[in-house]
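Number of protein chains: 2
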Amino acid sequence: MLVFIGLGLTGNGITLKGLEELQKAEKAYAELYTSLIPELDLEKLESKIEKNIKVLQREDVEQNPQEVLESAKKKKVAFLVPGDPMIATTHVDLRLRAEESGIETKIIHSVSIETAAPGLAGLQSYKFGRSATLPFPDKPSETPYEVLEKNQDMGLHTLFLLDIEAEEEKYLTADQAIKTLLELENKLGRKVFTKDTLTVVVGRAGSSDSIVKGGKVKDLVEEDFGAPPQVLIVPGNLHFLEAEALEEFAKVPKEVVQENVEE
Amino acid sequence: MLVFIGLGLTGNGITLKGLEELQKAEKAYAELYTSLIPELDLEKLESKIEKNIKVLQREDVEQNPQEVLESAKKKKVAFLVPGDPMIATTHVDLRLRAEESGIETKIIHSVSIETAAPGLAGLQSYKFGRSATLPFPDKPSETPYEVLEKNQDMGLHTLFLLDIEAEEEKYLTADQAIKTLLELENKLGRKVFTKDTLTVVVGRAGSSDSIVKGGKVKDLVEEDFGAPPQVLIVPGNLHFLEAEALEEFAKVPKEVVQENVEE
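Line order of the protein sequences matches chains G and X.
Reminder that position 163 of the first sequence reads as 163 in UniProt numbering, one-by-one numbering, no gaps.
Reminder that position 218 of the second sequence reads as 218 in UniProt numbering, one-by-one numbering, no gaps.
(1) By Cβ distance below 8 Å, which residues in the same chain neighbour X:Ser-141 in space, the five residues on each side in sequence not counted?
(2) Assign residue 322 of chain X to one of two classes, buried (16 or more other C-beta atoms within 10 Å of its C-beta) or exposed (fewer than that).
(3) I need the DSSP call for X:Gly-13, collapsed to helix, strand or coil.
(4) Compare the C-beta of X:Tyr-145 against all C-beta atoms of chain G and say whether one is closer than 8 Å.
(5) Find out if the Cβ-Cβ distance for the pair G:Thr-15, G:Ser-110 is shorter than 8 Å.
(6) Just checking my contact of X:Ser-210 with X:Leu-120 at CB under 8 Å: how many whole Å lie between their CB atoms?
(7) Would you mind reading off the limits of the alpha helix (DSSP H) that contains X:Gln-258?
(8) Mind reading off the beta-carbon distance from G:Leu-123 to G:Glu-242? Whole number of angstroms is fine, and I expect it under 8 Å.
(9) Is the shortest distance between the beta-carbon of X:Val-92 and the beta-carbons of chain G less than 8 Å?
(10) G:Ala-28 bridges to which residues according to DSSP?
(11) Does the distance from the CB of G:Gly-206 to the CB of G:Ala-116 come in under 8 Å?
(12) Anything in the segment 119-142 of chain G with a Cβ closer than 8 Å to a Cβ of chain X? List those residues in chain order, please.
(13) With C-beta atoms as the reference, is residue 266 of chain X less than 8 Å away from X:Ile-108?
(14) Would you mind telling me which residues of chain X sit closer than 7 Å to G:Asp-84, beta carbon to beta carbon, in chain order?
(15) Whose Cβ in chain X lies nearer than 7 Å to the Cβ of G:Glu-248?
(16) Alpha carbon to alpha carbon, how far is X:Lys-27 from G:Glu-146? Give it in angstroms, no decimals.
(17) Short of 8 Å Cβ to Cβ, which residues in the segment 4-23 of chain G face chain X?
(18) For G:Leu-36, name the three-state secondary structure that DSSP assigns.
(19) Does any CB atom of chain X fall closer than 8 Å to the CB of G:Lys-73?
(20) Give me the chain G residues within the contact set of X:Ile-107, using Cβ-Cβ distance strictly less than 7 Å, ordered along the chain.
(21) Nearest to X:Met-86 by alpha carbon, out of X:Asn-260, X:Phe-4 and X:Ile-178?
What follows is the structure in structure tokens.
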């Protein structure tokens with residue numbers, strides 16, 4: 001049996017149910033390359049469950065998952081992953097391989113940035129369109145710009161996840177992400193993301209020093225939002241309650257918020 | 001200080017961080033009317049934190065939040081909510097009222113159906129468009145149909161939450177939801193949701209008897225998916241890995257899956 005258990009966004013982000021399953025498992029693995037978990041203390045978790053947790057590298061999971069699968073054939077194996085499991089394709093792939101080898105699987109959910117970030121900003125999650133990932137500058141893509149454009153046409157909010165190469169300790173930051181979008185605007189020129197676009201940065205969601213900061217792009221682009229992980233939200237039309245929330249929680253100036261309130 | 005703490009989708013769905021905060025709180029409230037949490041044992045949670053949890057009714061939160069706000073002015077107060085906090089407008093409203101009265105607030109996130117359901121079905125969360133709620137038949141709305149139509153135009157998946165009136169113990173079930181969409185199809189006739197549309201039902205996500213079942217609408221409409229809560233997913237274009245996942249995890253027949261794979 002292979003149990004995928006979400007670690008959530010920060011230390012102690014695992015649920016009680018997840019901890020229970022981890023305690024019952026005979027072997028525990030973790031992958032920490034699909035995201036960064038601030039304040040995670042694996043040793044403390046190990047002492048709590050009286051078991052070692054073997055941290056796997058990307059290639060152990062994607063190229064050579066045999067060790068995990070072989071153990072899961074005989075034992076109850078826990079596989080810890082950042083956030084809510086199954087957001088990353090690699091976990092769906094591993095679960096499929098397991099089921100196809102006759103191994104029963106189970107998912108223990110946890111917190112995902114996809115609802116945490118909207119919640120922290122006070123934006124309604126049902127008003128988000130498709131989300132996208134902003135890549136590092138050396139892997140340019142026009143997709144994020146196109147996703148934003150379509151969401152804007154429908155008045156919807158857009159969540160941008162920021163690229164990560166955890167094994168090289170590389171994390172795209174919000175100010176770099178804003179520059180990436182401005183460069184796409186320069187290149188494509190469809191007035192989707194300009195210096196006057198209302199944008200919200202959410203940093204270290206769920207941790208004790210999380211930040212939420214919004215404003216016009218020109219007022220955010222030179223700011224330092226501290227340590228990763230960070231995400232970017234470009235709001236669409238705002239309901240008056242969302243507008244109030246952005247003013248209060250993201251410190252967006254009143255006049256900027258007002259420009260985005262839907263009629 | 002007012003700390004919003006997510007209870008997640010099922011019993012023991014609170015995170016370790018949430019439990020810690022709850023233990024440190026001097027007073028604890030809960031609202032259980034915005035969703036239904038299978039296997040939730042409030043008494044067990046109370047004995048774990050050695051504190052009573054006062055369950056509030058809808059009007060206590062929406063009309064008369066004074067009790068909560070007054071306590072939070074003097075003490076550290078925990079406010080427990082289903083899922084991930086701030087998905088429901090009512091919590092954003094309460095948080096705003098608190099901050100405007102000078103009360104510091106904090107959010108401790110938990111599992112949300114918005115990532116759990118896609119994960120259980122093996123569908124990629126970034127390929128979801130806007131989500132919508134399907135209402136009870138006595139409050140008809142064309143919005144869900146329109147949301148689905150727009151998502152379909154873009155090849156995106158659609159998550160439908162199902163209406164709930166927890167205080168009257170009324171929960172819309174997936175088979176009723178399918179009928180609602182078929183009636184909208186009958187009325188509007190834009191071939192958005194027909195008897196041949198691929199659909200996936202996720203029931204009791206995260207609980208020990210959760211189910212995931214997909215197929216053509218005509219093969220699902222007469223099925224009984226058991227107890228609430230349930231949600232509906234209408235997939236858009238499928239990546240080959242999503243197709244494999246739907247076959248394996250949602251038991252969708254191979255030929256039905258194949259019709260929806262993107263070229």
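Just so you know, even glycine gets a beta-carbon here, dropped at the ideal spot from N, CA and C.
In short:
(1) Pro-135
(2) This structure does not reach residue 322 of chain X, given that chain X is present from 1 up to 263, and the question cannot be answered.
(3) coil
(4) no
(5) yes
(6) 7 Å
(7) 254-259
(8) 5 Å
(9) yes
(10) G:Ile-53 and G:Ala-78
(11) yes
(12) Gly-119, Leu-120, Gly-122, Gln-124, Ser-125, Tyr-126, Lys-127, Phe-128, Gly-129, Arg-130, Ser-131, Ala-132 and Thr-133
(13) Residue 266 of chain X lies beyond the range of chain X shown here (1 to 263); nothing can be said about it.
(14) Val-111, Thr-115, Ala-116 and Gly-119
(15) Leu-96 and Glu-99
(16) 48 Å
(17) Gly-6, Gly-8, Leu-9, Thr-10, Gly-11, Asn-12, Gly-13, Ile-14, Thr-15, Leu-16, Lys-17, Leu-19 and Glu-20
(18) coil
(19) no
(20) Gly-119 and Leu-120
(21) X:Phe-4
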